[in-house]
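Since the structure comes first, as structure tokens, the remarks are kept for the end.
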Amino acid sequence: MAPFKKMLLKADVNKIYDEEYQREQSAKDEKFFIRPSHQRKMKNTKLFSIGMGIDLPFCIIILVLLTIGTIMMFSASYAYSYYTQGDSYYYLVRQLIFVAIGIAAMVVMSFFNYNKLHKIAPIVLGIAYFSLLLVLILPAGDGNVKRWIPMGLFNIQPSEIAKFAVILFFAHWASKYYNKMQFARYSVIPGLVIFGTIAILLYLEPHYSGIVIIAILTVLMLFIGGIQKKYLIIGFVAVAAIVGILAITGGLSYAMTRMDGWGQSLVYTDEDMWQTTWQTRNSLYAIGSGGLWGLGLGQSRQKYLYLPEPQNDFIFAIVVEELGLVGAAIILLIFALLVWRGITLSLRAKDKFGKLLGIGLTSQIGIQVVLNILVITDWLPNTGISLPFFSYGGSSLIMLLAQMGIVLSISRTANIERK
Amino acid sequence: MEDNSNPIKTTRKHVPKGPNQRLRQRTAILIIAILVFGFGAALTRLSFLTLVQGSTLQEAAVEQQLKDTTLPAKRGTIYDANGKVLAESASVWQVVIAPIYLKTDEQREAVAKGLSEILELDYDNVYKKTQQESYYVVVKRKIEVETRDKILELIDTLDEKYECGNVIQLLDDYKRYYPHESLAASVIGFAGSDEQGLEGVEYEYDSYLSGTPGRIVTAKNARGTNMPFQYEQNIEAEDGNNIYLTIDENIQSICEKYMQQGVVDNNVLNKGVCIAMDVNTGAILAMVTTDGYDLNKPYELPADEQSKIDEITDDTKKNKAQSEALSAMWRNKAVSDTYMPGSVFKMCTASMAIEENKVNDNSTFTCTGSITVSDKTMHCANTAGHGTQNFLQALCNSCNPAFVQIGQLVGMNKFREYYQGFGFSEKTGIDLPGEADDTFWAEGEMSDVDLAVASFGQNFSITPIQMITACAAVANGGYVLQPYVVSKITNVDGNVIKSVEKKVKRQIISNSTSAKLNEMLGYNTQTAGASSGYVAGYKVAGKTGTSEKIGSKTESSFGEDYIASFCGYAPADDPQIAMLVFFDTPSGGSYYGSQVSSPVFINIMSEVLPYLQVKTSYTDDELEFVDVAAGDYTGISVSDAKAAVDQDGFTCTVKGDGDTVISQIPTVSSKVSTGGNIVLYTDSNSQKETVTVPNLVGYSASEVNNVASACGLNVSFSGAASSDGVSSAQDVAAGTSVSPGTVVTVSFASSDSNVRD
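What follows is the structure, encoded as structure tokens:
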């Protein structure tokens, strides 16, 4: 711990926290929408905190990722779109609409006083439960799974709402009972109840990768919220046991069929397996073809129907094929900057709720990026985790940008100015 | 473990932390977990895949992304010695459909209906093909221009009505044509549906003829259609090389014509073979296996044979019979079958005896009609015996007992040595597939009886090509050559890339022995006449042969099956062309080589030698029978005409009272024997005069001449008229009324008393 402590001390933000509690109290009385000119003093303004008061670096990183992501989504979907929709721009046009809506949502949310979310956190959780139940009632989609609620232009994925709801609720909970988080009934019990119920609903969809992400987010929020470490350890053991039991009883059959080819997609054993591992194998082919420098933007060959749905979860394989390891590393670096900036700015939020919410929302992106890359490189089973800012999809992109809007809103209150 | 609400209670070594410090610490852990471990793992994995496994993965990716389209190469042309085309490939097309693009049953029906009508295929079959989920289904191969045009029309119609014309594709292809159909079928062979050589030269020289197919390597998507990005590599097809045969189409057709006639005339049951070879180079000028097949339809059996096979009800047996019949039809008997050479082999036995100085002109051999060796009695064809003969007489008489004695003189070891020396124990190395091996007694297993029998060519078998090669060696001064059918190979630009030179394997007999044999065998034909290959105007050397087919089931009308053969060469004093004619199992009037094969040999040689511009050397005797073309004597005065006729060496008879000749018989340019009678008409009344054709069969040449001239008719002699032959046929039947001076062709065959083996 010591070196990290030293590192944060070096960042010299310590004294901010001492005044935190008072600010927390005063923030509750603030208006629904923030008026930055009133809220923020413009003294000692640094390059990265000018303008409307939002954290500009974070905003720029988001826009850069969004731009790269959209370009790559277009490149990856070009051929698939042509062959399946008869129009190469099919996915691009739709994605651009989502981007527009998403940016609008982000801008709106950046002006939204996030403290108001304190009160509606349980309501959002309720909406999440409702949508998770609703999707189970609606008719099943492709592959007999119930993951989407059709909404005309795009589909809403209840698990996306659930992810946000979990982060929001635990940020609310932990900031409210921050001093009691070491007690199991304030940390372990709500964690188990909320995760357990959501997991059951996701299990019925089924959406195992959703369960995994919800689990990680729950643990993450409880961890930064102040849960005692022994509970976490007990929790890990318990989860492992449950998964083990499910695996033995065969309840994990859907995931298992996807896991079947895990790690052996390049070895031909039989025709069925060869078909099962088709997507992963072609993802590896794409990544391998990229090499250090890539084939060049738009030059992917694997996107010509070899890699199924290249605009979705496996988009990063096409990115590596076209931009190479160098391009991939740069994109990962930008993601890392996003995570770093998001977390550090959240730490400077003037209240605990903002800190926890901001850290949760930015971490979620980092976690999804890591899981996505491990899936497309065949280190994790092919479970369907999308890549933020890159993967095609209406509801997730809009949700994502709205959440980024919340982080930006938090950044308005963060004491970023340095002496 | 961290009790932040009450730092005083803490007894652990940790420094008490406030809520903000705990959050900071845990956030630090979180950042490390995500950025260091998470992103680190991701980047490590990506680096491993791109840098370490990159090339392997890329290879696998490229393999599935590339489409290889083969561009067929045009197969080379086969020419005869004079540059006439014997086999040629022409552009045709292949109809391919991509039924996966068909969406409705209506489209499928339209495509199937159109294609089945144009291509004359079964509708149901084509319809089934249109139902396949495939991008490449071959409907029909090798369609010609007219059909292609119809298909193109169909594509247009389908496009208009059903919007599915793009389903049908026409791909380039080639088809093999054989303009001379069955000519030299067994030599040329044929190419299969994929343009691969299957028989004969087509098979043997396939690597030269086939060329190198080109490739178009394009990137394809997972559905097999082209990707729209630049990744295309074309390798042009390299057309096959052209092959020039030593076979001369003219000689080949002459041989085939007479061989076929010989087969019919003698009711030959098991095909006939004729090989003509340039004795000085070993080049094969003609090679015939009778009952050839149309190379354009190599899988079509003759109708009668096919109907016989069709009668078989059992499918397995039927298929077996079918394939056996086909391979029998394709078989090149000249190189793939063996036979017992019989008396023809005596030319070899004689050669070795002379070479080894075991005999000379004065050696005498006594024949009592049979000879006994180790208790085994062998008979001579002349059962009465030839009495005492010198060496030349023994050869001319083809006396078996004499040759048994000659063989004994040579001795077993020498005999075997020469047998091998003449090339009988090895493959000749001719550039044709399927050459058979001889069958001879193994070293040490040959008995005296075997030697005795072998001396006159029985009980061992050799291939016809071995026999003709040995015969050429006897004729050309003793050089055993490697026979060949391909003289040169040229590439597409006409440059010679391979040219075959004469290849001498060894000299087996000396020039003088060869000259001696030429003289003896030449004398043989001169004296024996038609029965031994006599060709008027040329000195021909040759030897007849009649061998028993021992061990085979008798099929012919005779007590046993025979092979009637004749092997000879011309001219005897300067050999140029050697020829072997043999008929396997004649079942007609005769089975003797002298009666079955010799006339065919004579007929062929009579046409081939003039074609080869071999100098004639008529004897005075022969000149009498040489035909001369009648000149034009009409339109001039009778006296002038008489003078002209006289000058041309004819006699004339003037009919009518006119002053000028208004017509003549024989007409201008018709062949009339020297000294023939030209009838000159001076008025129209005289033209109504006729004479009755007498019987001209059964006479000697001079007798025929006398009878004919007595009637005022002209005679043209065919066959060996100058020897003591007897006329066997006339082309205008006895009793017919014809104009005086009409030319009657009289054929001569050998008399029965002249039959020798």
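Here the protein sequences come in this chain order: A and B.
With this note's numbering, letter number 144 in the first sequence gets 222, and the count goes up by one each step, no holes.
With this note's numbering, letter number 133 in the second sequence gets 199, and the count goes up by one each step, no holes.
Ideal Cβ placement from N, Cα and C applies to all residues, glycine included.
{"Item": "Spatial neighbours of Met259(A) in its chain, beta-carbon cut-off 7 Å, leaving aside the 5 residues before and after", "Value": "Ala252, Ser265, Gly303, Gly304, Ile305"}
{"Item": "Beta-carbon proximity of Thr505(B) to Ser527(B), cut-off 9 Å", "Value": "yes"}
{"Item": "Cβ contact check for the stretch 637 to 645 of chain B and the stretch 334 to 347 of chain B: 3 or more pairs under 8 Å", "Value": "yes"}
{"Item": "Under 7 Å (Cβ pairs) to chain A, residues found in the stretch 161 to 184 of chain B", "Value": "none"}
{"Item": "7 Å CB neighbourhood of Ile139(A) in its chain, flanking five on each side removed", "Value": "Ile412, Leu415, Leu416, Arg419"}
{"Item": "Exposure of Thr415(B), with buried meaning 16 or more beta-carbon neighbours within 10 Å", "Value": "buried"}
{"Item": "Nearest to Glu567(B) (by Cα), restricted to the options Asp381(B), Gln235(B), Asp497(B), Glu673(B)", "Value": "Asp497(B)"}
{"Item": "Short-range partners of chain A found in the stretch 94 to 109 of chain B, where Cβ spacing is below 8 Å", "Value": "Ala94, Ile95, Leu96, Ile97, Ile98, Ile100, Leu101, Gly104, Phe105, Ala107, Ala108, Leu109"}
{"Item": "Reduced DSSP secondary structure (H/G/I, E/B, other) of Ser805(B)", "Value": "coil"}
{"Item": "Cβ pair count under 8 Å reaching 3, the stretch 421 to 438 of chain A against the stretch 472 to 490 of chain A", "Value": "yes"}
{"Item": "Alpha carbon of Thr591(B) to alpha carbon of Thr811(B), nearest angstrom", "Value": "23 Å"}
{"Item": "Interface flag, Asn193(A) vs chain B, CB-CB below 9 Å", "Value": "no"}
{"Item": "Beta-carbon proximity of Met353(B) to Val211(B), cut-off 9 Å", "Value": "no"}
{"Item": "Neighbour-count burial assignment, Ala450(B), 16 or more Cβ in a 10 Å radius", "Value": "exposed"}
{"Item": "Reference Val674(B), options Ala707(B), Pro637(B), Ala696(B), closest by Cα", "Value": "Pro637(B)"}
{"Item": "For Leu351(B) and Tyr244(B), believed in contact at Cβ under 8 Å, the rounded distance", "Value": "Actually they are not in contact, since the Cβ atoms of Tyr244(B) and Leu351(B) sit about 19 Å apart, beyond 8 Å."}
{"Item": "Against chain A: residues of the stretch 188 to 200 of chain B by CB proximity under 7 Å", "Value": "none"}
{"Item": "Three-state secondary structure assigned by DSSP to Asp238(B)", "Value": "strand"}
{"Item": "Simplified DSSP state of Gln262(B), which is helix, strand or coil", "Value": "coil"}
{"Item": "Proximity test, Cβ basis, 9 Å: Lys251(A) and chain B", "Value": "The sequence as given places Trp at residue 251(A); Lys does not occur at that position. No, because no Cβ of chain B sits closer than 9 Å to the Cβ of Trp251(A)."}
{"Item": "Straight-line gap, Ile731(B) to Asn761(B) (C-alpha atoms, nearest Å)", "Value": "20 Å"}
{"Item": "Selection from Lys428(A), Val202(A), Lys307(A) that minimises the alpha carbon distance to Met477(A)", "Value": "Val202(A)"}
{"Item": "Among Gly266(B), Arg111(B), Pro806(B), Glu769(B), nearest to Ile451(A) - alpha-carbon criterion", "Value": "Arg111(B)"}
{"Item": "The alpha helix (DSSP H) enclosing Gln326(B), as first and last residue numbers", "Value": "315 to 331"}
{"Item": "Cβ of Gln131(B) within 9 Å of any chain A Cβ", "Value": "yes"}
{"Item": "Exposure of Arg490(A), with buried meaning 16 or more beta-carbon neighbours within 10 Å", "Value": "buried"}
{"Item": "Cβ pair count under 8 Å reaching 3, the stretch 356 to 374 of chain A against the stretch 107 to 126 of chain B", "Value": "yes"}
{"Item": "Distance between beta carbons of Phe431(A) and Ala249(A), contact taken as under 8 Å", "Value": "6 Å"}
{"Item": "Contact with chain A by Val233(B), beta-carbon distance below 9 Å", "Value": "no"}
{"Item": "Straight-line Cα distance separating Thr440(A) from Leu425(A)", "Value": "12 Å"}
{"Item": "Inter-residue Cα distance where the pair is Ser805(B) and Val781(B)", "Value": "13 Å"}
{"Item": "Backbone CA spacing between Ile629(B) and Pro467(B) [nearest angstrom]", "Value": "20 Å"}
{"Item": "Own chain residues within Cβ distance below 6 Å of Val601(B), not counting five before or after", "Value": "Ile668, Met671, Ser672"}
{"Item": "Distance between beta carbons of Lys195(B) and Val203(B), contact taken as under 8 Å", "Value": "5 Å"}
{"Item": "The stretch 373 to 382 of chain A in contact with the stretch 464 to 475 of chain A per 3-pair CB rule at 8 Å", "Value": "no"}
{"Item": "Ala108(B) - DSSP class collapsed to helix/strand/coil", "Value": "helix"}
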